[in-house]
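Asker:
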Amino acid sequence: MRFSQVVESLEGVIGSSLVVQPGLDPELERVAAVDGAIAHDLSYIEGDKFAEYITTTQASALILPQQGIWQQQTLELGIAWVSVANPRMAFAQAIALFYQPFRPEPGIHSTAVIHPTARLGEQVSIGAHVVIQADVVIGNEVCIHANVVVYPGSVVGDRTILHANCVIHERSQIGQDCIIHSGAAIGSEGFGFEPTPEGWLKMEQSGIAVLEDRVRVGCNTAIDRPAVGETRIQHDTIIDNLVQIGHGATVGYGCALAGQVGLAGGVTVGDRAILAGQVGVANRAKVGPGATVTAQGGVMSNVPAKATVSGSPTMPFKDWLKSSALNRRLPELQQQLRELQKQVAALESQIKQL
Numbered sequence: 004m005r006f007s008q009v010v011e012s013l014e015g016v017i018g019s020s021l022v023v024q025p026g027l028d029p030e031l032e033r034v035a036a037v038d039g040a041i042a043h044d045l046s047y048i049e050g051d052k053f054a055e056y057i058t059t060t061q062a063s064a065l066i067l068p069q070q071g072i073w074q075q076q077t078l079e080l081g082i083a084w085v086s087v088a089n090p091r092m093a094f095a096q097a098i099a100l101f102y103q104p105f106r107p108e109p110g111i112h113s114t115a116v117i118h119p120t121a122r123l124g125e126q127v128s129i130g131a132h133v134v135i136q137a138d139v140v141i142g143n144e145v146c147i148h149a150n151v152v153v154y155p156g157s158v159v160g161d162r163t164i165l166h167a168n169c170v171i172h173e174r175s176q177i178g179q180d181c182i183i184h185s186g187a188a189i190g191s192e193g194f195g196f197e198p199t200p201e202g203w204l205k206m207e208q209s210g211i212a213v214l215e216d217r218v219r220v221g222c223n224t225a226i227d228r229p230a231v232g233e234t235r236i237q238h239d240t241i242i243d244n245l246v247q248i249g250h251g252a253t254v255g256y257g258c259a260l261a262g263q264v265g266l267a268g269g270v271t272v273g274d275r276a277i278l279a280g281q282v283g284v285a286n287r288a289k290v291g292p293g294a295t296v297t298a299q300g301g302v303m304s305n306v307p308a309k310a311t312v313s314g315s316p317t318m319p320f321k322d323w324l325k326s327s328a329l330n331r332r333l334p335e336l337q338q339q340l341r342e343l344q345k346q347v348a349a350l351e352s353q354i355k356q357l
């Protein structure tokens, strides 16, 4: 693919903010990180942290920011470039020109087990050893990879992809254009038990899990169903690997949940909220729309809309920065306190002698 073809594709997405170096039009074969790029690679420079690589990269073409001195440098080095407002976003668009995820041809593998009452849409791909149980509805152009199990009464929307070894539990509802990665469990039994003198009484989990359209679920993530009602993930939310979403939780639209996030039962996460890695949210707590909880935050009570909070238990981010700075000085402050205690004791002794 020629560099000019990449630029043409980016123009359709980025528009008038794009500026191109005239003259050079190398053949491109791959995309690569700037520090590892070789001839015929396309890469990008995001900002000053990449500046050291500009004179050493072997890339044939670069996507550059609009501000900075990189354009002149790359011109002198004979590297083709295009300048855009957001190089990382443009590079993400460019990757799709060179890489297409594996998708098998439509068809049903001979080892798949499909219940007679299941309904399959058109142009579906059903892989080896897939099990589709009673009354399941599979939409058009759905791709189900090897060893997936879809329990009775579940619905999988058009163009959704279920990767190998994921499990869709009974009566779960998966929307259109979702991606469920390997090892994920959707609609698994919620952790509902009541203590009794004889031990734990199991509360049957009769509810369902609902994933709206364009939800992405990472590997080995569990989304539990509740005793009654539903656990719901709203449209366009992205969920990383190893995330636990408890029974009866609701996650709004356009949210991002990073790896090892844990939501207890009944939690509500507002639209477009961001939970960074290893965030934990306590039972029935609410994270407001547009809020951000930074890594390892422990949410014990409600987080206001658009707030940024940190720490465990969480506090406003600026307060957490002050607390962290103070925490580093604790040994010094402890020594100062001991000196002050000695001075106070000496003064008290002098006063008693008066």
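According to my numbering, numbering within the sequence shown proceeds without interruption in unit steps and concludes at 357.
For glycine and all other residues, C-beta sits at the position ideal for the given N, C-alpha and C.
(1) What residues are listed by DSSP as bridge partners for GLU30?
(2) What does a CB cutoff of less than 6 Å around CYS258 pick up in its chain, not counting 5 residues either side in sequence?
(3) Are the stretch 189 to 205 and the stretch 158 to 174 touching by the rule of at least three beta carbon pairs closer than 8 Å?
(4) Going by other Cβ atoms of all chains shown within 10 Å of its Cβ, with 16 needed for buried, is SER63 buried or exposed?
(5) Taking all protein chains shown into account, decide if LEU65 is buried (16 or more other Cβ within 10 angstroms of its Cβ) or exposed.
(6) Once you ignore the five residues that flank VAL145 on each side, which residues in its own chain have a CB closer than 6 Å to its CB?
(7) Report yes or no: do the stretch 202 to 210 and the stretch 150 to 157 share at least 3 C-beta pairs separated by less than 8 Å?
(8) Should GLU342 be labelled buried (16 or more other beta-carbon atoms within 10 Å of its own) or exposed?
(9) Figure out for me which residue from ILE182, PRO229, ASP138, ILE98 has the closest Cα to the Cα of ILE147.
(10) Near ALA261, what residues of its chain come up, given a Cβ to Cβ distance below 6 Å and the 5 sequence neighbours on each side ignored?
(11) Could you tell me the boundaries of the alpha helix (DSSP H) in which LYS325 lies?
(12) Could you spell out the range, first to last residue, of the alpha helix (DSSP H) harbouring ALA95?
(13) Leaving aside the five residues before and after ILE72 along the sequence, list all residues of the same chain whose C-beta is less than 8 Å from its C-beta, in chain order.
(14) Have a look at SER175 and LYS289 and give me their C-alpha separation to the nearest angstrom.
(15) Can you list, in chain order, the residues of its chain whose CB lies under 8 Å from that of SER19, leaving out five sequence neighbours each side?
(16) Excluding the 5 residues flanking GLN150 on each side, which residues of the same chain have their C-beta closer than 8 Å to its C-beta?
Answerer: Judging by the given coordinates:
(1) GLU30 pairs with ARG5.
(2) Contacts found: THR240, VAL272, ALA276.
(3) Because the criterion of three Cβ pairs below 8 Å is met, the stretch 189 to 205 and the stretch 158 to 174 touch.
(4) Buried is the call here.
(5) Residue environment for LEU65: buried (at least 16 other C-beta atoms within 10 angstroms of its C-beta).
(6) Cβ within range, chain order: VAL127, VAL159, THR163.
(7) The stretch 202 to 210 is not in contact with the stretch 150 to 157.
(8) Its Cβ having fewer than 16 others within 10 Å, GLU342 is exposed.
(9) If we check each option's Cα against that of ILE147, ILE182 comes out closest.
(10) Within the same chain, ALA261 has close Cβ partners ASP243, ALA279, GLY280.
(11) Unbroken alpha helix (DSSP H) run through LYS325: 320 to 331.
(12) First-last of the alpha helix (DSSP H) with ALA95: 90 to 101.
(13) Around ILE72: no qualifying Cβ.
(14) So the two alpha carbons sit approximately 24 Å from each other.
(15) In this predicted model, SER19 has a pLDDT of only 48, less than 50, meaning its place in the structure is not dependable; the value taken from the coordinates is given anyway. Closer than 8 Å at the Cβ level, and outside the excluded window around SER19, lies no residue.
(16) Note on residue identity: the sequence assigns Asn, not Gln, to residue 150. Counting only Cβ-Cβ distances below 8 Å, and skipping sequence neighbours, we find GLY130, ALA131, HIS132, VAL133, ALA167, ASN168.
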